[in-house]
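**Q**
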Amino acid sequence: MPIKDLDLDLLPTLKKVDIRAKRRVLSRVLEGSWTAMMKGRGMEFAGFRQYTFGDDASRIDWGATLRSKETLIREFEEFKNVTVFMLLDVSETMLFSSVGKLKAEYGAELLFNFSAAILDNGDSVGFAMFNDDVVAKIQPGMGKDVLYRMANELQKPKNYGGGFSLKPAIRLLENFLHARALVILISDFIGMEKGWERYIKMIGQKHDLIAITLRDPRDREMPALPAQVLVEDPLTHEKLYIDAKQYRKLYNESVKKEEIYLKSVFEKAKAGNIFMTTDSDTMVPLLSYFRKRSAILKG
């Protein structure tokens, strides 16, 4: 079900003192964590040049040498920058709030400020909004224009709502990313399609994946109310009255099991995992995660 209005005003956050300060810190932390991992992990083929005395003979390309009839060696250069691609789930389950801000709004603010920190770090970023289709997309790029285009798409109410499927997002990654990149997947991971674990594994095999799980406090715990409450399936919109007191324990235990399972799926896919709730600051969990990651990389 499409929404009529959004509580999002993203561009002014670029100038807010407290957010700018956190973004600068995050940018520095990024430089020491995933940038260190990805920029130092591999070399990119740059071309051939003629072999000279003192060169490493193991770098001789015998195929090219035979074709050119002169001894040639391969030259490589270190990756110059990191490409980051953000995927934001904007399906129906993300249009819920018990604390004033929809999960989708929280995710949009998170994506926008995270992207600004990435650009501040000198790297490129792109993004896509998806439900059971891709509703908006921007190819990876650098510069403020990327942020302006992001803000424009993130603030369109028509881009929100609908079903959920990872398939269109997977196809988009294949078209947009021709080399290994860092993929950030932002979702509540509620109402997942059958076999979704396979898609997570596919992304993790081709790219470095970090899954950010967004939950509203009510997603995690049913309130202790001595009354019946009306619950609604966000996808089918089927409604049902339940006794909150009777089902609270069962609900809370079910959520804990689900969160443990989510964590296991990401671990099997060798993906990073950040858990956030919409009543918390968007930047603090990111800083905490990447600081820990930086410490691990540095040994």
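Residue numbering for the sequence shown follows the working numbering, starting at 1005 and increasing by one per position.
Every residue gets a Cβ at the ideal spot worked out from N, C-alpha and C, and that includes glycine.
1) Take the Cβ of Asp1009 as the centre, count every other Cβ of all protein chains shown within 10 Å, and call the residue buried at 16 or more, exposed below.
2) Assuming Leu1123 and Ile1007 make a contact with CB atoms under 8 Å, what is their CB distance in whole Å?
3) Given Glu1225, which residues of its chain have a CB within under 6 Å of its CB, disregarding the five upstream and five downstream residues?
4) Check for me: the beta strand (DSSP E) holding Gly1145 runs from which residue to which?
5) Cβ of Ser1101 within 7 Å of any heavy atom in the ligand PLP?
6) Could you tell me the distance, in whole angstroms, from the CA atom of Leu1176 to the CA atom of Gly1145?
7) Can you give the Cα-Cα distance for Phe1180 and Ala1228, rounded to whole angstroms?
8) For Asp1011, which residues in the same chain have their Cβ closer than 6 Å to its Cβ, ignoring the five residues on either side in sequence?
9) Could you tell me which of Ser1128, Glu1113, Gly1167 sits nearest to Thr1240, measuring between CA atoms?
10) My output table needs one value for Ser1095: the three-state DSSP class, helix, strand or coil.
11) Under three-state DSSP, which class holds Ile1264?
12) Using 8 Å as the threshold, is the C-beta distance between Ser1169 and Asp1136 below it?
13) Which term fits Asn1156, buried or exposed, when burial requires 16 or more other beta carbons within 10 angstroms of its beta carbon?
14) Can you find at least 3 beta carbon pairs, one from the region 1124 to 1133 and one from the region 1289 to 1298, that sit closer than 8 Å?
15) Within a Cβ cutoff of 7 Å, which residues of the same chain sit near Arg1078, ignoring the five residues on either side of it in sequence?
16) Alpha carbon to alpha carbon, how far is Val1150 from Ser1002? Give it in angstroms, no decimals.
17) Between Lys1105 and Val1094, what straight-line distance do the alpha-carbon atoms span, to the nearest angstrom?
18) Measuring CA to CA, which of Met1133, Lys1171, Gly1165, Pro1172 is closest to Arg1153?
19) With a floor of 4 residues, list each alpha helix (DSSP H) that falls wholly inside the region 1182 to 1217, ordered by position along the chain.
20) With Thr1281 as the anchor, note down where its beta strand (DSSP E) starts and where it stops.
21) Using 8 Å as the threshold, is the region 1202 to 1216 in touch with the region 1269 to 1278, meaning 3 or more CB pairs across them?
22) Going by alpha carbons, who is nearest to Arg1071 out of Thr1087, Asn1085, Gln1054?
23) Which residues in the same chain as Gly1044 place their Cβ atom closer than 6 Å to its Cβ, once the five residues preceding and following it in sequence are excluded?
24) Kindly indicate which three-state DSSP category Thr1017 falls into: helix, strand or coil?
25) Figure out for me which residue from Lys1253, Arg1252, Val1235, Tyr1251 has the closest Cα to the Cα of Tyr1245.
26) Classify Gly1067 as buried or exposed, calling it buried when 16 or more other Cβ atoms lie within 10 Å of its own Cβ.
27) Where do the ends of the beta strand (DSSP E) carrying Met1133 lie?
28) Considering only their Cβ atoms, is the gap separating Ser1298 from Val1086 smaller than 8 Å?
29) For Gly1147, count neighbouring Cβ atoms within 10 angstroms of its own Cβ and tell me buried if that reaches 16, exposed if not.
30) Note down the Cα distance separating Arg1202 from Lys1274, rounded to an integer number of angstroms.
**A** Put simply:
1) exposed
2) With a Cβ gap of about 28 Å, Leu1123 and Ile1007 do not count as contacting.
3) Asn1256
4) 1138 to 1145
5) As for the ligand PLP, it is missing from this structure, which has no ligand bound.
6) 16 Å
7) 47 Å
8) Glu1109
9) Gly1167
10) coil
11) helix
12) yes
13) exposed
14) no
15) Phe1049, Phe1052, Arg1063, Asp1065
16) Residue numbering for the chain in the displayed model covers 1005 to 1303; residue 1002 lies beyond these limits and cannot be assessed.
17) 14 Å
18) Met1133
19) 1200 to 1210
20) 1276 to 1281
21) yes
22) Gln1054
23) In this prediction, Gly1044 has a pLDDT of 49, which is less than 50 and means its spatial position is unreliable; nothing more can be read from the coordinates.
24) helix
25) Val1235
26) exposed
27) 1128 to 1134
28) no
29) exposed
30) 13 Å
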